[in-house]
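A.B. asks:
Numbering (this note's numbering), first residue to last: 80 to 260.
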């Protein structure tokens with residue numbers, strides 16, 4: 080382990096392990112959510128009675144599913160990006176825009192974290208009426224998401240400077256092709 084850390088492989092291995100773990104958790108949550116909602120609908124249709132706490136638990140699971148899915152989408156760059164500007168500027172400007180966008184993402188997530196901590200303080204001790212689960216479990220999903228996005232952003236920025244990560248839009252631009260002709 081120490082030797083692999085010295086070679087710089089450990090960070091990538093940890094990242095892959097975390098990614099696989101998140102995908103597994105998202106898959107389990109989605110499967111359980113489908114079974115819970117389908118089972119409750121079936122019980123209501125066939126027996127005119129459902130699981131009392133299923134709607135509330137489904138809400139909790141859905142919130143976690145969305146936030147963990149957002150982390151996966153952000154890590155794999157599967158979210159929507161507007162690259163019309165960055166594709167039409169030279170590479171040095173692209174690098175500056177990439178760093179600027181990462182700084183903006185980190186600042187946004189820190190602001191999000193601050194807002195979440197205020198919500199968590201305001202809702203401390205409040206329990207869901209059907210499940211008895213703390214309402215703050217919903218906000219902890221946002222905390223996990225924000226912290227993960229900041230960590231991913233910092234890691235990818237570090238890898239960008241090191242030369243081991245290239246954003247999907249970072250390629251030869253039309254401006255550079257015209258200059259080289």
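Every residue gets a Cβ at the ideal spot worked out from N, C-alpha and C, and that includes glycine. Note that the structure is predicted; figures quoted are calculated from it, not measured.
With DSSP collapsed to three states, give me the class of residue 212.
C.D. replies: Note: residue 212 maps to coil in three-state DSSP.
A.B. asks: Compute the Euclidean distance between the alpha carbons of residue 207 and residue 243, then round it to the nearest angstrom.
C.D. replies: Roughly 46 Å between the two C-alpha positions.
A.B. asks: Figure out for me which residue from 152, 175, 245 and 177 has the closest Cα to the Cα of residue 102.
C.D. replies: Residue 152 is the option with its Cα nearest to residue 102.
A.B. asks: Looking only at its chain, what residues have a beta carbon closer than 6 Å to the beta carbon of residue 336, apart from the 5 residues adjacent to it on each side?
C.D. replies: Given that the chain is displayed from residue 80 to residue 260, the structure contains no residue 336 and the question cannot be resolved.
A.B. asks: Assign residue 221 to buried or exposed, taking buried as 16 or more other Cβ atoms, counted over all protein chains shown, within 10 Å of its Cβ.
C.D. replies: Per the 10 Å Cβ criterion, buried.
A.B. asks: When you compare only the Cα positions, how much space is there between residue 109 and residue 144?
C.D. replies: Their Cα atoms are separated by approximately 7 Å.
A.B. asks: Mind checking who residue 206 pairs with in its DSSP beta bridge?
C.D. replies: 213.
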